[in-house]
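Student:
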Amino acid sequence: MAIAALAGEHEVEIPPAAALDEEEPAEYGPLELDPIEPAGKEAAARDADAALEASGFEAPGAGKVAEDAASAIDEEAGSNPEHTADSEDGTDSEGSADAPGRGRAEVGLPLPPSFAERRPWYEWIALWGGGALAIIALALLVRAIMPGILGTQRAPVQQSAMPLGTGGNLDLFSDPPGAAVKIDGVPIPTRTPATDVAVSPGTHRVDMDWGVYGARRDTVQVLSGGRVTLRPRLLGSVGFRSSDPSRILDVYVDGAYVGSTPVALDSIVVGRHLVRFGGPGLSSTAQEVEVLQGTRVELIGNAGALPDKGHVTVRSALLSDTGFESGRGDPIWVDGEMRGVTPLALDLKPGAHGVRVLRRGFPPQITVLEVKPGGDQFITAEFSSRSEDPLRFTPPSKISISNPVPVTISLPEGEWDDSMILWVYAAPPGGSFQARRMTRLDPSSKLFAALIPPEVLRNGGRQVRIYFKAVGAAGRELYSEIYTIPISN
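Numbering (full-length UniProt numbering), first residue to last: 1 to 489.
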(Lines of atoms letter the chains of each structure in order from A and count residues from 1; the text may use other names and numbers.)
(Lines give C-alpha, C1' and ligand atoms only; values in the text may rest on other atoms or scores of the structure.)
Protein backbone atom coordinates (compact mmCIF):
# COMPACT_ATOMS: atom_id res chain seq x y z
CA MET A 1 0.00 0.00 0.00
CA ALA A 2 1.02 3.66 -0.30
CA ILE A 3 1.33 3.99 3.46
CA ALA A 4 3.77 1.09 3.61
CA ALA A 5 5.91 2.63 0.92
CA LEU A 6 6.15 5.85 2.83
CA ALA A 7 7.07 4.12 6.02
CA GLY A 8 10.26 2.81 4.42
CA GLU A 9 12.14 0.71 6.91
CA HIS A 10 9.18 0.30 9.31
CA GLU A 11 7.09 -2.80 8.88
CA VAL A 12 3.43 -2.61 9.67
CA GLU A 13 1.44 -5.79 10.18
CA ILE A 14 -2.14 -5.72 9.12
CA PRO A 15 -4.10 -8.26 11.13
CA PRO A 16 -6.28 -10.65 9.13
CA ALA A 17 -9.87 -9.78 8.70
CA ALA A 18 -10.89 -12.91 10.58
CA ALA A 19 -8.92 -11.83 13.58
CA LEU A 20 -10.63 -8.48 13.52
CA ASP A 21 -13.99 -10.14 13.44
CA GLU A 22 -13.18 -12.38 16.40
CA GLU A 23 -12.28 -9.48 18.68
CA GLU A 24 -15.01 -8.51 21.06
CA PRO A 25 -16.17 -4.92 20.96
CA ALA A 26 -14.50 -2.87 23.65
CA GLU A 27 -16.49 -1.14 26.29
CA TYR A 28 -16.18 2.64 26.04
CA GLY A 29 -16.25 4.90 28.99
CA PRO A 30 -17.10 8.60 29.00
CA LEU A 31 -15.86 10.46 26.00
CA GLU A 32 -12.59 12.23 26.68
CA LEU A 33 -11.40 14.95 24.34
CA ASP A 34 -7.68 15.37 23.89
CA PRO A 35 -6.19 18.80 23.52
CA ILE A 36 -6.27 20.10 19.98
CA GLU A 37 -2.61 19.79 19.08
CA PRO A 38 -0.62 18.67 16.07
CA ALA A 39 -0.32 15.18 17.62
CA GLY A 40 -4.10 14.84 17.36
CA LYS A 41 -3.92 15.58 13.68
CA GLU A 42 -1.37 12.80 13.19
CA ALA A 43 -3.54 10.32 15.07
CA ALA A 44 -6.49 11.21 12.84
CA ALA A 45 -4.33 10.60 9.78
CA ARG A 46 -3.27 7.16 11.05
CA ASP A 47 -6.86 6.15 11.68
CA ALA A 48 -7.80 7.21 8.15
CA ASP A 49 -4.94 5.16 6.66
CA ALA A 50 -5.84 2.10 8.71
CA ALA A 51 -9.41 2.30 7.47
CA LEU A 52 -8.25 2.45 3.88
CA GLU A 53 -5.99 -0.59 4.33
CA ALA A 54 -8.76 -2.60 5.97
CA SER A 55 -11.12 -1.93 3.08
CA GLY A 56 -8.49 -2.73 0.43
CA PHE A 57 -9.10 0.56 -1.33
CA GLU A 58 -6.21 2.07 -3.25
CA ALA A 59 -6.48 5.43 -4.85
CA PRO A 60 -5.62 5.66 -8.55
CA GLY A 61 -1.97 6.51 -9.01
CA ALA A 62 -1.22 5.80 -5.39
CA GLY A 63 1.67 3.54 -6.30
CA LYS A 64 3.30 6.23 -8.32
CA VAL A 65 2.86 8.74 -5.49
CA ALA A 66 4.30 6.26 -3.00
CA GLU A 67 7.35 5.58 -5.12
CA ASP A 68 8.03 9.30 -5.55
CA ALA A 69 7.59 9.94 -1.85
CA ALA A 70 9.86 7.02 -0.93
CA SER A 71 12.60 8.24 -3.21
CA ALA A 72 12.32 11.76 -1.75
CA ILE A 73 12.60 10.40 1.78
CA ASP A 74 15.66 8.33 0.81
CA GLU A 75 17.35 11.37 -0.69
CA GLU A 76 16.62 13.46 2.40
CA ALA A 77 17.91 10.71 4.64
CA GLY A 78 21.09 10.47 2.63
CA SER A 79 21.72 14.19 2.90
CA ASN A 80 20.98 14.27 6.67
CA PRO A 81 22.84 11.42 8.43
CA GLU A 82 21.72 12.54 11.88
CA HIS A 83 18.11 12.26 10.92
CA THR A 84 18.76 8.77 9.53
CA ALA A 85 20.40 7.66 12.71
CA ASP A 86 17.51 8.89 14.75
CA SER A 87 15.10 7.04 12.53
CA GLU A 88 17.03 3.80 12.84
CA ASP A 89 17.00 4.02 16.60
CA GLY A 90 13.24 4.44 16.47
CA THR A 91 13.27 7.79 18.36
CA ASP A 92 12.35 11.34 17.28
CA SER A 93 14.35 14.50 17.86
CA GLU A 94 12.87 14.93 21.30
CA GLY A 95 13.78 11.48 22.44
CA SER A 96 10.35 9.89 22.01
CA ALA A 97 10.63 6.22 21.02
CA ASP A 98 7.01 5.88 20.01
CA ALA A 99 6.26 8.08 17.00
CA PRO A 100 4.54 5.83 14.47
CA GLY A 101 3.14 7.21 11.28
CA ARG A 102 4.90 10.62 11.49
CA GLY A 103 6.01 10.25 7.90
CA ARG A 104 2.59 9.16 6.80
CA ALA A 105 0.86 12.23 8.25
CA GLU A 106 2.44 14.46 5.61
CA VAL A 107 0.82 12.74 2.64
CA GLY A 108 -2.48 11.19 1.82
CA LEU A 109 -5.95 12.70 2.17
CA PRO A 110 -6.37 16.33 3.38
CA LEU A 111 -7.05 16.69 7.07
CA PRO A 112 -10.51 17.79 8.18
CA PRO A 113 -10.75 21.31 9.66
CA SER A 114 -10.26 21.35 13.39
CA PHE A 115 -12.57 23.00 15.91
CA ALA A 116 -9.85 25.49 16.91
CA GLU A 117 -9.83 27.07 13.45
CA ARG A 118 -13.50 28.09 13.60
CA ARG A 119 -14.10 31.72 14.76
CA PRO A 120 -16.89 32.31 17.31
CA TRP A 121 -19.96 34.25 16.17
CA TYR A 122 -19.41 37.14 18.53
CA GLU A 123 -15.98 37.85 17.03
CA TRP A 124 -17.63 39.01 13.81
CA ILE A 125 -19.97 41.31 15.77
CA ALA A 126 -16.97 42.83 17.56
CA LEU A 127 -15.18 43.42 14.27
CA TRP A 128 -18.19 45.11 12.69
CA GLY A 129 -18.81 47.23 15.82
CA GLY A 130 -15.20 48.38 16.00
CA GLY A 131 -15.28 49.39 12.36
CA ALA A 132 -18.45 51.41 12.85
CA LEU A 133 -16.96 53.25 15.85
CA ALA A 134 -13.83 54.07 13.87
CA ILE A 135 -15.93 55.58 11.07
CA ILE A 136 -17.92 57.70 13.55
CA ALA A 137 -14.73 58.97 15.22
CA LEU A 138 -13.27 59.92 11.84
CA ALA A 139 -16.43 61.80 10.92
CA LEU A 140 -16.36 63.77 14.21
CA LEU A 141 -12.70 64.65 13.70
CA VAL A 142 -13.35 65.97 10.20
CA ARG A 143 -16.31 67.99 11.45
CA ALA A 144 -14.16 69.53 14.22
CA ILE A 145 -11.28 70.62 12.01
CA MET A 146 -13.28 71.83 9.01
CA PRO A 147 -14.32 75.22 10.57
CA GLY A 148 -10.68 76.02 11.28
CA ILE A 149 -9.71 75.17 7.71
CA LEU A 150 -12.55 77.05 6.05
CA GLY A 151 -12.52 79.98 8.52
CA THR A 152 -15.31 81.42 10.69
CA GLN A 153 -18.38 82.25 8.69
CA ARG A 154 -19.20 85.94 8.87
CA ALA A 155 -22.63 87.24 9.64
CA PRO A 156 -24.63 88.54 6.67
CA VAL A 157 -24.28 92.10 7.92
CA GLN A 158 -20.49 91.72 7.79
CA GLN A 159 -20.45 89.92 4.42
CA SER A 160 -22.11 92.89 2.75
CA ALA A 161 -18.97 94.98 3.27
CA MET A 162 -16.41 92.37 2.29
CA PRO A 163 -16.33 92.07 -1.56
CA LEU A 164 -14.39 95.26 -2.36
CA GLY A 165 -13.13 96.11 1.12
CA THR A 166 -14.93 99.45 1.04
CA GLY A 167 -17.06 99.01 4.17
CA GLY A 168 -17.05 100.86 7.47
CA ASN A 169 -17.02 99.82 11.11
CA LEU A 170 -19.37 100.20 14.05
CA ASP A 171 -18.35 100.35 17.71
CA LEU A 172 -21.41 99.54 19.81
CA PHE A 173 -21.58 100.31 23.52
CA SER A 174 -24.56 100.54 25.84
CA ASP A 175 -25.52 101.45 29.38
CA PRO A 176 -26.28 98.97 30.82
CA PRO A 177 -24.09 96.58 28.80
CA GLY A 178 -25.17 93.16 27.58
CA ALA A 179 -27.80 94.21 25.02
CA ALA A 180 -28.58 91.93 22.07
CA VAL A 181 -27.90 93.75 18.79
CA LYS A 182 -29.49 93.57 15.35
CA ILE A 183 -28.22 95.57 12.37
CA ASP A 184 -30.78 95.97 9.61
CA GLY A 185 -32.72 93.12 11.19
CA VAL A 186 -29.74 90.72 11.18
CA PRO A 187 -28.51 89.68 14.67
CA ILE A 188 -24.81 89.76 15.41
CA PRO A 189 -23.27 87.08 17.67
CA THR A 190 -21.75 89.52 20.18
CA ARG A 191 -23.65 91.47 22.84
CA THR A 192 -22.64 94.99 23.78
CA PRO A 193 -19.93 96.12 23.98
CA ALA A 194 -19.14 95.06 20.40
CA THR A 195 -16.34 96.71 18.44
CA ASP A 196 -15.14 96.56 14.82
CA VAL A 197 -18.48 95.39 13.44
CA ALA A 198 -18.03 95.55 9.66
CA VAL A 199 -20.92 97.01 7.65
CA SER A 200 -21.37 98.33 4.14
CA PRO A 201 -21.42 102.10 3.54
CA GLY A 202 -24.79 103.76 3.90
CA THR A 203 -27.60 104.09 6.41
CA HIS A 204 -28.14 101.27 8.90
CA ARG A 205 -30.75 100.55 11.55
CA VAL A 206 -29.32 99.40 14.89
CA ASP A 207 -31.68 97.72 17.37
CA MET A 208 -30.61 96.94 20.94
CA ASP A 209 -32.69 94.74 23.22
CA TRP A 210 -32.25 94.43 26.99
CA GLY A 211 -35.09 91.92 27.44
CA VAL A 212 -37.62 92.87 30.13
CA TYR A 213 -35.86 96.18 30.78
CA GLY A 214 -36.63 97.61 27.35
CA ALA A 215 -35.31 98.14 23.82
CA ARG A 216 -33.97 100.97 21.69
CA ARG A 217 -33.56 101.70 17.97
CA ASP A 218 -31.00 104.08 16.41
CA THR A 219 -30.15 104.99 12.82
CA VAL A 220 -26.53 105.60 11.83
CA GLN A 221 -24.83 106.79 8.64
CA VAL A 222 -21.58 104.96 7.83
CA LEU A 223 -19.12 106.30 5.25
CA SER A 224 -16.74 104.20 3.19
CA GLY A 225 -13.78 103.36 5.40
CA GLY A 226 -15.30 105.30 8.30
CA ARG A 227 -16.02 104.38 11.89
CA VAL A 228 -19.13 105.23 13.92
CA THR A 229 -19.48 104.83 17.71
CA LEU A 230 -22.90 104.36 19.27
CA ARG A 231 -23.46 104.72 23.04
CA PRO A 232 -27.18 104.50 23.86
CA ARG A 233 -28.44 104.56 27.46
CA LEU A 234 -31.66 102.95 28.61
CA LEU A 235 -33.03 105.03 31.46
CA GLY A 236 -35.80 104.90 34.02
CA SER A 237 -37.02 107.04 36.92
CA VAL A 238 -36.94 106.57 40.71
CA GLY A 239 -38.18 108.80 43.52
CA PHE A 240 -36.93 108.68 47.12
CA ARG A 241 -38.60 110.06 50.26
CA SER A 242 -38.50 109.63 54.02
CA SER A 243 -41.11 107.92 56.14
CA ASP A 244 -40.96 111.06 58.32
CA PRO A 245 -41.12 114.14 56.05
CA SER A 246 -39.71 116.34 58.81
CA ARG A 247 -36.47 114.38 58.87
CA ILE A 248 -33.83 114.31 56.15
CA LEU A 249 -32.35 111.02 54.93
CA ASP A 250 -29.23 110.59 52.81
CA VAL A 251 -29.72 108.42 49.72
CA TYR A 252 -27.01 106.18 48.24
CA VAL A 253 -27.50 104.17 45.03
CA ASP A 254 -24.97 101.40 44.40
CA GLY A 255 -22.72 103.00 47.02
CA ALA A 256 -22.72 106.51 45.52
CA TYR A 257 -24.38 109.50 47.18
CA VAL A 258 -27.23 110.82 45.01
CA GLY A 259 -28.88 113.37 47.32
CA SER A 260 -31.16 113.69 50.32
CA THR A 261 -34.88 113.12 50.67
CA PRO A 262 -37.04 114.11 48.99
CA VAL A 263 -35.16 113.56 45.72
CA ALA A 264 -35.99 112.11 42.30
CA LEU A 265 -33.65 110.57 39.72
CA ASP A 266 -35.18 110.83 36.26
CA SER A 267 -32.15 109.45 34.42
CA ILE A 268 -31.14 106.29 36.22
CA VAL A 269 -29.95 103.32 34.18
CA VAL A 270 -32.42 100.43 33.97
CA GLY A 271 -31.72 97.23 35.88
CA ARG A 272 -31.29 96.24 39.51
CA HIS A 273 -29.84 98.75 41.98
CA LEU A 274 -29.04 98.68 45.70
CA VAL A 275 -30.45 101.69 47.57
CA ARG A 276 -29.28 102.68 51.07
CA PHE A 277 -30.86 105.27 53.35
CA GLY A 278 -28.91 106.87 56.19
CA GLY A 279 -28.18 110.05 58.05
CA PRO A 280 -26.17 111.53 60.92
CA GLY A 281 -26.38 109.14 63.85
CA LEU A 282 -28.78 106.77 62.03
CA SER A 283 -28.44 103.09 61.28
CA SER A 284 -28.47 102.55 57.52
CA THR A 285 -31.29 100.62 55.86
CA ALA A 286 -31.00 99.07 52.39
CA GLN A 287 -33.40 97.81 49.75
CA GLU A 288 -33.14 96.63 46.16
CA VAL A 289 -35.04 98.28 43.32
CA GLU A 290 -35.59 97.15 39.74
CA VAL A 291 -35.80 100.02 37.27
CA LEU A 292 -37.62 99.56 33.95
CA GLN A 293 -37.77 101.78 30.91
CA GLY A 294 -40.63 104.26 30.98
CA THR A 295 -41.69 103.32 34.55
CA ARG A 296 -41.33 105.45 37.69
CA VAL A 297 -40.57 103.72 40.99
CA GLU A 298 -41.11 105.29 44.43
CA LEU A 299 -39.02 104.18 47.41
CA ILE A 300 -39.64 105.19 51.04
CA GLY A 301 -36.76 105.14 53.50
CA ASN A 302 -37.33 104.29 57.14
CA ALA A 303 -36.21 107.17 59.32
CA GLY A 304 -36.33 105.09 62.48
CA ALA A 305 -36.17 106.46 66.01
CA LEU A 306 -34.49 109.75 66.80
CA PRO A 307 -30.84 109.18 67.78
CA ASP A 308 -29.59 110.24 71.18
CA LYS A 309 -27.61 113.44 71.52
CA GLY A 310 -23.90 113.43 72.12
CA HIS A 311 -22.23 115.00 75.20
CA VAL A 312 -19.43 117.46 74.34
CA THR A 313 -17.04 119.24 76.75
CA VAL A 314 -15.13 122.31 75.47
CA ARG A 315 -11.99 123.52 77.28
CA SER A 316 -9.19 126.00 76.65
CA ALA A 317 -5.49 125.97 77.58
CA LEU A 318 -2.69 128.56 77.60
CA LEU A 319 0.93 127.64 77.01
CA SER A 320 3.24 129.37 79.54
CA ASP A 321 6.79 128.89 80.77
CA THR A 322 5.63 126.13 83.08
CA GLY A 323 3.51 124.38 80.45
CA PHE A 324 -0.15 124.43 79.57
CA GLU A 325 -2.49 126.02 82.04
CA SER A 326 -6.25 125.55 81.97
CA GLY A 327 -8.09 128.58 80.64
CA ARG A 328 -11.30 129.94 82.02
CA GLY A 329 -13.87 132.38 80.67
CA ASP A 330 -12.99 132.06 76.98
CA PRO A 331 -16.19 132.54 74.90
CA ILE A 332 -17.48 129.63 72.76
CA TRP A 333 -19.57 129.66 69.57
CA VAL A 334 -21.17 126.48 68.19
CA ASP A 335 -22.47 126.58 64.59
CA GLY A 336 -22.23 130.38 64.69
CA GLU A 337 -24.20 130.72 67.93
CA MET A 338 -22.76 131.91 71.26
CA ARG A 339 -23.15 129.02 73.75
CA GLY A 340 -21.04 130.01 76.81
CA VAL A 341 -17.46 130.17 78.09
CA THR A 342 -14.80 127.62 78.88
CA PRO A 343 -15.04 125.12 80.39
CA LEU A 344 -18.43 124.23 78.91
CA ALA A 345 -20.41 121.00 78.73
CA LEU A 346 -23.33 120.77 76.31
CA ASP A 347 -25.42 118.21 74.43
CA LEU A 348 -25.45 118.32 70.62
CA LYS A 349 -27.33 116.44 67.93
CA PRO A 350 -25.35 113.80 66.04
CA GLY A 351 -23.51 115.16 63.00
CA ALA A 352 -20.87 117.77 62.19
CA HIS A 353 -20.72 120.93 64.32
CA GLY A 354 -18.38 123.91 64.05
CA VAL A 355 -16.82 125.05 67.37
CA ARG A 356 -14.95 128.37 67.74
CA VAL A 357 -13.11 129.53 70.90
CA LEU A 358 -11.76 133.08 71.26
CA ARG A 359 -9.04 134.56 73.51
CA ARG A 360 -7.82 138.11 73.44
CA GLY A 361 -4.48 138.54 71.68
CA PHE A 362 -4.58 135.17 69.87
CA PRO A 363 -6.07 133.91 66.60
CA PRO A 364 -9.42 132.14 67.05
CA GLN A 365 -9.23 128.38 67.36
CA ILE A 366 -11.78 126.64 65.11
CA THR A 367 -12.50 122.96 64.72
CA VAL A 368 -15.30 120.85 63.21
CA LEU A 369 -16.43 117.96 65.39
CA GLU A 370 -18.47 114.96 64.19
CA VAL A 371 -20.71 114.31 67.18
CA LYS A 372 -21.60 110.66 67.84
CA PRO A 373 -24.96 109.73 69.42
CA GLY A 374 -24.80 108.90 73.13
CA GLY A 375 -21.04 109.41 73.48
CA ASP A 376 -18.72 111.74 75.42
CA GLN A 377 -16.30 113.88 73.39
CA PHE A 378 -13.80 116.59 74.33
CA ILE A 379 -12.38 119.65 72.57
CA THR A 380 -9.40 121.67 73.86
CA ALA A 381 -8.53 125.01 72.26
CA GLU A 382 -4.77 125.63 72.70
CA PHE A 383 -3.42 129.17 72.65
CA SER A 384 0.29 130.00 72.36
CA SER A 385 2.70 132.18 70.46
CA ARG A 386 2.61 129.59 67.68
CA SER A 387 -1.16 129.53 67.32
CA GLU A 388 -2.11 129.44 63.62
CA ASP A 389 -4.81 131.35 61.83
CA PRO A 390 -7.84 129.34 60.71
CA LEU A 391 -9.09 129.08 57.12
CA ARG A 392 -11.13 132.15 56.26
CA PHE A 393 -13.88 132.11 53.62
CA THR A 394 -16.18 134.79 52.25
CA PRO A 395 -19.36 133.00 51.15
CA PRO A 396 -21.21 134.05 47.99
CA SER A 397 -24.73 135.39 48.16
CA LYS A 398 -26.08 132.23 46.53
CA ILE A 399 -25.12 129.17 44.49
CA SER A 400 -26.85 128.43 41.18
CA ILE A 401 -27.75 124.88 40.15
CA SER A 402 -27.97 125.64 36.42
CA ASN A 403 -24.87 127.86 36.36
CA PRO A 404 -22.62 126.70 39.21
CA VAL A 405 -19.54 128.70 40.12
CA PRO A 406 -16.57 127.17 41.97
CA VAL A 407 -15.99 128.17 45.56
CA THR A 408 -12.46 129.37 46.33
CA ILE A 409 -10.38 129.69 49.49
CA SER A 410 -6.79 130.66 50.29
CA LEU A 411 -4.36 129.37 52.85
CA PRO A 412 -3.37 131.82 55.63
CA GLU A 413 -0.64 134.30 54.71
CA GLY A 414 1.82 132.88 57.19
CA GLU A 415 1.34 129.26 56.11
CA TRP A 416 4.74 127.74 55.34
CA ASP A 417 3.74 124.18 54.30
CA ASP A 418 3.41 123.98 50.51
CA SER A 419 2.27 120.35 50.71
CA MET A 420 -1.10 121.35 52.17
CA ILE A 421 -4.14 119.57 50.67
CA LEU A 422 -7.54 121.26 50.87
CA TRP A 423 -10.99 119.67 50.95
CA VAL A 424 -14.46 121.19 50.77
CA TYR A 425 -17.32 119.51 52.65
CA ALA A 426 -20.93 120.16 51.61
CA ALA A 427 -24.27 118.92 52.98
CA PRO A 428 -27.97 119.67 52.71
CA PRO A 429 -29.66 120.92 55.89
CA GLY A 430 -29.84 117.98 58.30
CA GLY A 431 -27.85 115.70 55.99
CA SER A 432 -24.35 114.24 56.00
CA PHE A 433 -21.37 116.14 54.62
CA GLN A 434 -19.84 114.95 51.35
CA ALA A 435 -16.13 115.64 50.76
CA ARG A 436 -14.52 116.79 47.52
CA ARG A 437 -10.83 117.53 47.01
CA MET A 438 -9.97 121.05 45.86
CA THR A 439 -7.58 122.02 43.07
CA ARG A 440 -4.67 124.44 43.48
CA LEU A 441 -5.12 127.08 40.79
CA ASP A 442 -1.40 127.79 40.43
CA PRO A 443 1.64 125.89 41.74
CA SER A 444 2.98 129.05 43.36
CA SER A 445 -0.43 130.16 44.61
CA LYS A 446 -2.17 129.43 47.88
CA LEU A 447 -5.60 129.65 46.23
CA PHE A 448 -7.74 126.52 45.82
CA ALA A 449 -11.09 126.02 44.05
CA ALA A 450 -13.79 123.35 43.69
CA LEU A 451 -17.39 122.94 42.55
CA ILE A 452 -20.05 121.98 45.05
CA PRO A 453 -21.33 118.47 44.18
CA PRO A 454 -24.60 118.87 42.22
CA GLU A 455 -26.26 116.02 44.11
CA VAL A 456 -25.87 118.06 47.31
CA LEU A 457 -27.55 121.07 45.73
CA ARG A 458 -30.63 118.98 44.86
CA ASN A 459 -32.44 119.20 48.18
CA GLY A 460 -35.77 120.41 49.41
CA GLY A 461 -34.24 122.88 51.86
CA ARG A 462 -32.83 125.05 49.06
CA GLN A 463 -29.71 125.59 51.15
CA VAL A 464 -26.26 124.08 51.38
CA ARG A 465 -23.86 123.98 54.33
CA ILE A 466 -20.12 123.98 53.58
CA TYR A 467 -16.81 124.08 55.41
CA PHE A 468 -13.14 123.65 54.48
CA LYS A 469 -10.31 121.56 55.87
CA ALA A 470 -6.55 121.73 55.16
CA VAL A 471 -4.27 118.79 55.95
CA GLY A 472 -0.51 119.21 56.12
CA ALA A 473 2.63 117.44 57.27
CA ALA A 474 2.70 115.62 60.61
CA GLY A 475 -1.10 115.58 60.74
CA ARG A 476 -1.56 119.35 61.00
CA GLU A 477 -5.17 120.38 60.38
CA LEU A 478 -6.76 123.77 59.75
CA TYR A 479 -10.54 124.29 59.63
CA SER A 480 -12.96 126.96 58.60
CA GLU A 481 -16.30 127.63 60.19
CA ILE A 482 -19.48 126.08 58.75
CA TYR A 483 -21.33 128.42 56.38
CA THR A 484 -24.90 128.20 55.09
CA ILE A 485 -25.49 129.41 51.51
CA PRO A 486 -28.83 129.74 49.66
CA ILE A 487 -29.44 127.80 46.43
CA SER A 488 -31.04 129.17 43.27
CA ASN A 489 -32.06 127.55 40.01
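Every residue gets a Cβ at the ideal spot worked out from N, C-alpha and C, and that includes glycine.
Which class does glutamate 123 belong to by DSSP, given the choice of helix, strand or coil?
Tutor: Helix.
Student: Can you give me the C-alpha to C-alpha distance between valine 181 and glycine 214, rounded to a whole angstrom?
Tutor: The alpha-carbon atoms of valine 181 and glycine 214 are separated by roughly 13 Å.
Student: Measure the C-alpha to C-alpha separation of alanine 132 and isoleucine 145 and round it to an integer number of angstroms.
Tutor: Whole-angstrom Cα-Cα distance: 21 Å.
Student: Assuming leucine 369 is part of the beta strand (DSSP E), what are its boundary residues?
Tutor: Counting along the chain, the beta strand (DSSP E) containing leucine 369 begins and ends at 365 to 371.
Student: DSSP state of proline 454, grouped into three classes?
Tutor: Note: proline 454 maps to helix in three-state DSSP.
Student: Helix, strand or coil for valine 186? Go by DSSP, reduced to three states.
Tutor: DSSP places valine 186 in strand when its eight states are reduced to three.
Student: State the DSSP-derived secondary structure class of proline 136, mapped to helix, strand or coil.
Tutor: This sequence places isoleucine at residue 136; proline is not what is there. In the structure shown, isoleucine 136 sits in a helix (DSSP, three-state: H, G or I).
Student: Are glycine 361 and aspartate 389 touching if we call contact CB-CB under 8 Å?
Tutor: Result no, Cβ atoms of glycine 361 and aspartate 389 do not sit closer than 8 Å.
Student: Could you give the first and the last residue of the continuous beta strand (DSSP E) run that contains glycine 414?
Tutor: Unbroken run through glycine 414: none, as it is neither H nor E.
Student: Assuming isoleucine 421 is part of the beta strand (DSSP E), what are its boundary residues?
Tutor: That run of the beta strand (DSSP E) goes 421 to 427.
Student: For the beta strand (DSSP E) containing proline 486, name the first residue and the last one.
Tutor: Per DSSP, proline 486 belongs to the beta strand (DSSP E) from 483 to 488.
Student: State yes or no: is the C-beta of alanine 198 within less than 8 Å of the C-beta of leucine 172?
Tutor: Going by C-beta atoms, alanine 198 is not nearer than 8 Å to leucine 172.
Student: Quick test of the definition: if touching needs 3 or more C-beta pairs under 8 Å, does the segment 323 to 340 touch the segment 262 to 273?
Tutor: Short answer: they don't touch.
Student: Beta strand (DSSP E) containing tyrosine 252: first to last residue?
Tutor: Segment 250 to 253, the beta strand (DSSP E) holding tyrosine 252.
Student: Quick one: using the 10 Å Cβ neighbour count with 16 as the cut-off for buried, is valine 405 buried or exposed?
Tutor: The residue in question, valine 405, is exposed, as its Cβ has fewer than 16 Cβ neighbours within 10 Å.
Student: What are the residues that DSSP puts in a beta bridge with phenylalanine 277?
Tutor: Phenylalanine 277 is bridged to Val251 and Thr285.
Student: Report whether the distance from the Cβ of valine 341 to the nearest heavy atom of the ligand MN is below 7 Å.
Tutor: For the structure depicted, the ligand MN is absent and the ligand set is empty, with no information on it obtainable.
Student: What would DSSP say about valine 270, mapped onto helix, strand or coil?
Tutor: Residue state, collapsed to three classes: coil.
Student: At which residues does the beta strand (DSSP E) containing asparagine 169 begin and terminate?
Tutor: Element bounds for asparagine 169: 168 to 172.
Student: Mapping DSSP to helix, strand and coil, what is leucine 212?
Tutor: The residue you asked about is not leucine; residue 212 is valine in the sequence shown. The answer is helix: DSSP assigns valine 212 an H, G or I state.
Student: Just the C-alpha distance for alanine 450 and methionine 438, rounded to the nearest angstrom, thanks.
Tutor: Cα to Cα, the separation comes out at about 5 Å.
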